[in-house]
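Chemist: Using the numbering used here, the first residue of the sequence shown is number 258, and each one after it goes up by one. Cβ coordinates follow ideal geometry from the N, Cα and C atoms, glycine included.
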Amino acid sequence: MSDPYRALDPGASDRLGPDPGAGVLDARHLGAEGVERYLRRHGLGASKRYSQNHLVDGEVLEAIVEAAAPAGRSVLEIGPGIGILSGALLAAAAARVSAVEVDRRLAGHLQERFGSDHRFVLTQTDVLDADIAALVEPPYDLVANLPYHITSPVLHQALGEEPRPERFVLMLQREVAERITSPPGGMSYLSVFVQYHADVSLLRIVPASAFEPAPQVESAVVVGEVRPRRLSAGEEEELWRLVQAGFRERRKMIHNVLLRQLPNVGRERITAALSAVGIAPDRRPQTVSVDEWLALSRAIGPLP
């Protein structure tokens with residue numbers, strides 16, 4: 258059986274030591290020029306439509322795998338590209354890597370590279386059209402270099418639907434990563450959503466030079482430990498209606514924002530709820546913590 262973790266550079270295999278696991282990261286640390294040659298040789302030019310930026314920095318790759326700790330775990334990988342992260346996860350003894358790739362060209366290439374490994378399961382589809390339950394069995398972790406244009410919908414899908422991952426390690430656009438890990442003061446709707454579902458932290462900033470082709474922006478790796486659900490499905494729906502209303506004008510005073518955005522709730526009810534949970538009426542929605550939103554949702558009760 259051919260080695261599914263062979264180097265992207267055919268000549269690099271001669272430089273590997275006897276331990277294939279130890280050689281994987283070095284073999285893939287080819288730099289932008291090496292990956293560019295590989296893509297050109299295989300007719301796999303990056304697609305702007307799918308926001309394809311292949312990770313070429315071995316140090317960053319190693320940090321992702323170390324944070325993911327995939328040994329013995331089932332992993333869902335979205336947007337595997339040419340399999341740089343996939344191969345590293347398999348080499349780190351992942352029990353299963355369920356990869357979802359929308360690009361037919363890359364899906365065919367991935368099947369050629371990893372098809373002989375029973376732990377690698379590839380689905381060629383748009384993940385946003387798929388049912389997570391059909392892609393991976395729980396328990397699982399989400400580990401991916403996410404295409405940036407689908408970051409928000411993927412986070413809503415992965416955390417809002419069942420089965421949710423137990424943890425996630427994601428490469429995101431730096432601006433988005435900083436937003437979802439922001440403390441109160443810089444919160445957004447996405448911050449509240451992600452932090453409600455997970456304890457999340459920013460692992461490291463990643464320069465544009467770590468990718469081929471290099472994107473226009475910096476990136477960052479985010480790690481999250483998913484929490485047990487704290488509300489019923491109906492209560493969560495009420496919470497998100499409230500939070501969405503608040504963040505339509507996140508820099509305005511929360512009392513006035515909620516009056517404008519939720520006119521059927523009424524001034525008296527909104528004023529009483531804010532007072533009951535200790536949120537001053539002149540606070541801005543971006544300063545309100547996840548726990549405060551939870552308390553406010555309970556205090557206001559079902560929305561009309």
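Use the C-beta contact count for Gln452: other C-beta atoms within 10 angstroms, 16 or more gives buried, fewer gives exposed.
Modeler: buried
Chemist: List the endpoints of the continuous beta strand (DSSP E) containing Ala455.
Modeler: Segment Ala455 to Val463, the beta strand (DSSP E) holding Ala455.
Chemist: So for Val545, helix, strand or coil by DSSP?
Modeler: coil
Chemist: Does the distance from the C-beta atom of His311 to that of Ile335 stay below 8 Å?
Modeler: no
Chemist: Please classify Ile389: does DSSP put it in a helix, a strand, or coil?
Modeler: In the structure shown, Ile389 falls within a helical segment according to DSSP collapsed to helix, strand and coil.
Chemist: Report the option in Arg431, His366 and Glu495 whose CA atom is closest to the CA atom of Val561.
Modeler: First, the amino acid is wrong: residue 561 is Pro here, not Val. Ranking the options by Cα distance to Pro561, first place goes to Glu495.
Chemist: According to the neighbour-count rule (16 or more other Cβ atoms, all chains shown, within 10 Å of its Cβ), is Gly278 buried or exposed?
Modeler: Its pLDDT being 34, under 50, Gly278 is placed unreliably in this model, and the value from its coordinates should be taken loosely. So Gly278 counts as exposed.
Chemist: Taking all protein chains shown into account, decide if Leu385 is buried (16 or more other Cβ within 10 angstroms of its Cβ) or exposed.
Modeler: exposed
Chemist: Which residues mark the beginning and the end of the alpha helix (DSSP H) in which Val317 is found?
Modeler: Gly315 to Ala325
Chemist: Please return the same chain residues whose Cβ sits closer than 6 Å to the Cβ of Phe425, not counting the five positions on each side in sequence.
Modeler: Leu399 and Gly481
Chemist: Report the three-state DSSP secondary structure of Ala471 (helix, strand or coil).
Modeler: coil
Chemist: Let me know if His406 comes out buried or exposed under the rule of 16 or more other beta-carbons within 10 Å of its beta-carbon.
Modeler: exposed
Chemist: Quick check: the Cα distance between Glu419 and Ala477, rounded to an integer number of angstroms?
Modeler: 26 Å
Chemist: Is the beta carbon of Val463 less than 8 Å from the beta carbon of Glu423?
Modeler: no
Chemist: Is Ser331 closer than 8 Å to Ala348 when the C-beta atoms are compared?
Modeler: no
Chemist: Go ahead and label Pro327 buried or exposed: buried means 16 or more other beta carbons lie within 10 angstroms of its beta carbon, across all protein chains shown.
Modeler: buried
Chemist: Quick check: the stretch 498-516 against the stretch 526-541, are at least 3 beta-carbon pairs closer than 8 Å?
Modeler: yes
Chemist: Please name the residue in Leu499, Ser343 and Pro485 whose C-alpha comes closest to that of His454.
Modeler: Pro485
Chemist: Does Ile335 come out as helix, strand or coil in the three-state DSSP assignment?
Modeler: strand
Chemist: Thinking C-alpha only, which one of Leu427, Leu447 and Ser308 is nearest His413?
Modeler: Residue nearest to His413 within the set Leu427, Leu447 and Ser308 is Leu447 (criterion: CA-CA distance).
Chemist: Just list the beta strand (DSSP E) runs in the stretch 472-500, keeping only unbroken ones of 3 residues or longer that don't cross its boundaries, in chain order.
Modeler: If we require 3 residues or more, the beta strand (DSSP E) runs fully inside the stretch 472-500 come out as 476-483.
Chemist: Count the other C-beta atoms from every protein chain shown that fall within 10 angstroms of the C-beta of Val457, then say buried if there are 16 or more, exposed otherwise.
Modeler: Of the other Cβ atoms in all chains shown, 16 or more fall within 10 Å of the Cβ of Val457; this residue is therefore buried.
Chemist: Quick one, are the C-beta atoms of Ala434 and Val479 less than 8 Å apart?
Modeler: A contact, by the Cβ cut-off of 8 Å.
Chemist: When you compare only the Cα positions, how much space is there between Gln309 and Pro470?
Modeler: 8 Å
Chemist: Taking 8 Å as the limit between beta carbons, can you name the residues of its chain near Ala467, skipping five residues before and five after?
Modeler: Excluding sequence neighbours, Ala467 sits near Leu312, Val313, Asp314, Val317 and Ser476.
Chemist: Suppose you measure from the CA of Ser532 to the CA of Glu525; what does that come to, to the nearest Å?
Modeler: 11 Å
Chemist: So, with DSSP's three-state summary, where would you put Ala556?
Modeler: helix
Chemist: Where do the N-terminal and C-terminal ends of the alpha helix (DSSP H) with Asn513 fall, by residue?
Modeler: Ile511 to Gln518
Chemist: Would you report the Cα separation of Asp548 and Met428, rounded to the nearest angstrom?
Modeler: 27 Å
Chemist: Would you say Asn402 and Leu460 are within 8 Å of each other, going by their C-beta atoms?
Modeler: no
Chemist: If the criterion is Cβ atoms closer than 8 Å, does the pair Leu553 and Leu519 meet it?
Modeler: no
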